[in-house]
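Protein chains: 2
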Amino acid sequence: MTEIIAPRSGTAFTLERGQLLKVIDPEGTQVSDLLAFAADDVREALSNGRTFDYEETLRMGAGNRLWSNRSQIMLSIIEDTVGTHDFLLTPCSEATFRHFYPEEPVHRGCFGNLAEALAPFGIEPDQIPCAFNVFMNVPVTPDGKLRVDPPVSMPGDYIRLRAEMDLIIGLTACSAYASNGGSFKPIHYEIEK
Amino acid sequence: MTEIIAPRSGTAFTLERGQLLKVIDPEGTQVSDLLAFAADDVREALSNGRTFDYEETLRMGAGNRLWSNRSQIMLSIIEDTVGTHDFLLTPCSEATFRHFYPEEPVHRGCFGNLAEALAPFGIEPDQIPCAFNVFMNVPVTPDGKLRVDPPVSMPGDYIRLRAEMDLIIGLTACSAYASNGGSFKPIHYEIEK
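Here the protein sequences line up with chains A and B, keeping their order.
Residue numbering for the first sequence is 1 to 193, as defined by full-length UniProt numbering.
Residue numbering for the second sequence is 1 to 193, as defined by full-length UniProt numbering.
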């Protein structure tokens, strides 16, 4: 069954070990921030630094694993029709809107959406780490400078991940202008048993 | 007064807003993992992702600021004689020793040293984020692949940071072979009022 995350919103749900999560960009050029916490102890969470260490790359795609702060594999990427995702940046938030879009209305962003969706699982805002930003396009130049470009994902593109432990997942349809090429679209997802 | 961190050990201390912290590599080719927490609420901690976002670079040097998970500036880099540091990777730990050095004795690493030093401040191991790895040399190739090279720091090289809020600092002389070109040396530091 396909679940729909409305533009500029987010959700959270449990994903059991062995289940597959398919995150789909139905219209193209849209980012989805993904968080993962261990279901049995939410102090264990996704860690970009541990993942960079063990995977020895900044660029995750099919075959890579996403690791926790306790050096455990949380998710394995088993299929990926895009190959461009970001794991460097934190979810957009009220503070990032004020910083990057001072002329635009402040939005609570993926951070606020994730904080609300994760609260029922006992996860506090300060526990939100760097997200795995599905479809986000963040080129790094040789001197280390970053920029945020529109995603290269086309309508129907997707990534499929397998849960390697029982997880609580947070997932959004991203709210930031630059991340999505200036437009806001839904994200679809499916849980496959 | 110069404080000495012995090889493969760590320490923690308070740093008041406005004070300067000078981290020195006395013998050259040695890494120091640096953590920062807000003294009035240790749930606020250094965030590599927020820093990459606001500084728009992976490569921190003089003029860059290190940001917290609450989008506040914790430290400003005001002087830097090296210019090569890492903010991508997490502190070495028992798990990273088992993974990267299966033939070598397991060491608790910077993670274990930081966890012990920070415990008296009420900071739990799971709260340890990616460190700002002073003098650590982690080149990123255009395809995103990482490697850990020996530091380029020479004897006496240093970085000087200003506290922009009251902080608890964790600081190590790194314990991992690759980070330090295969040798373990002390780190010196000075707090300047």
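Ideal Cβ positions, reconstructed from N, Cα and C, are used throughout, including at glycine.
For clarity, every value in this text was computed on a predicted model and none was experimentally measured.
Find the residues of chain B that neighbour residue 177 of chain A, judging by a C-beta separation of less than 8 Å, and give them in chain order. Residue numbering aside, residue 177 of chain A sits at position 177 when the first sequence is read from its first letter. The premise fails here: residue 177 of chain A is roughly 14 Å from chain B at the closest Cβ pair, so nothing lies under 8 Å.
How would you list, in chain order, the residues of chain A whose beta-carbon sits under 7 Å from the beta-carbon of residue 69 of chain B? On the second sequence, position 69 is the one that residue 69 of chain B refers to. Neighbours of residue 69 of chain B on chain A, chain order: 126.
One or two residues paired with residue 162 of chain B in a DSSP bridge: As a first step, residue 162 of chain B must be located in the second sequence, where it is residue number 162. B/20, B/76.
Quick one, which residues of the stretch 20 to 49 of chain A are near chain B if we go by CB-CB under 9 Å, in chain order? 41, 43, 44, 45, 47, 48, 49
Buried versus exposed call for residue 103 of chain A [16 or more other C-beta atoms within 10 Å across all chains shown]: Here residue 103 of chain A refers to the residue found at position 103 of the first sequence. Counting Cβ neighbours within 10 Å, residue 103 of chain A comes out exposed, since fewer than 16 surround it.
Rounded straight-line distance, which links the Cα of residue 34 of chain A to that of residue 31 of chain B: Counting from one through the second sequence, the residue named residue 31 of chain B turns up at place 31. Counting from one through the first sequence, the residue named residue 34 of chain A turns up at place 34. The straight-line gap from Cα to Cα measures roughly 32 Å.
Contact set between the stretch 94 to 109 of chain B and chain A, restricted to residues whose Cβ is under 7 Å from the partner: 95, 96, 99
Mind pulling the chain B residues with CB within less than 7 Å of residue 54 of chain A? In the first sequence, residue 54 of chain A corresponds to position 54, counting from 1. Those are 99, listed as they occur along chain B.
Proximal residues to residue 121 of chain A (C-beta, below 8 Å), its chain only, five neighbours per side dropped: Numbered from its first residue, the first sequence carries residue 121 of chain A at position 121. Taken in chain order, the residues that qualify are 12, 37, 42, 168.
DSSP puts residue 33 of chain A in a beta bridge; with which residues? As a working mapping, residue 33 of chain A is identified with position 33 in the first sequence. DSSP output for residue 33 of chain A lists A/133 as bridge partner(s).
Residue 211 of chain A versus A/181, A/1, A/87, residue with shortest Cα-Cα distance: Only positions 1 to 193 of chain A appear in the structure, and residue 211 of chain A is not among them; the question remains open.
Output the distance between the C-alpha atoms of residue 75 of chain A and residue 15 of chain A, rounded to the nearest integer angstrom. Taking the first sequence and counting its residues from 1, the one referred to as residue 75 of chain A is at position 75. Taking the first sequence and counting its residues from 1, the one referred to as residue 15 of chain A is at position 15. Their Cα atoms are separated by approximately 10 Å.
Selection of the stretch 143 to 155 of chain B by Cβ proximity to chain A, strictly under 8 Å: 143, 144, 145, 146, 147
With 8 Å as the threshold, decide whether the Cβ of residue 88 of chain B is near any Cβ in chain A. For the purposes of this step, residue 88 of chain B is taken as residue 88 along the second sequence, with counting starting at 1. Chain A contact via Cβ: present.
Along chain B, which residues have their Cβ under 9 Å away from the Cβ of residue 59 of chain A? Translated into the one-based positions of the first sequence, residue 59 of chain A becomes position 59. Under the 9 Å cutoff, chain B gives 143, 144, 145.
Compare the C-alpha of residue 106 of chain B against each of B/116, B/114, B/97 and name the closest. Position 106 of the second sequence, counting from 1, holds the residue named residue 106 of chain B. Checked all of B/116, B/114, B/97; the closest Cα to residue 106 of chain B is B/97.
Once you ignore the five residues that flank residue 129 of chain B on each side, which residues in its own chain have a CB closer than 6 Å to its CB? The residue given as residue 129 of chain B occupies position 129 in the second sequence. The answer, listed in chain order, is 45, 46.
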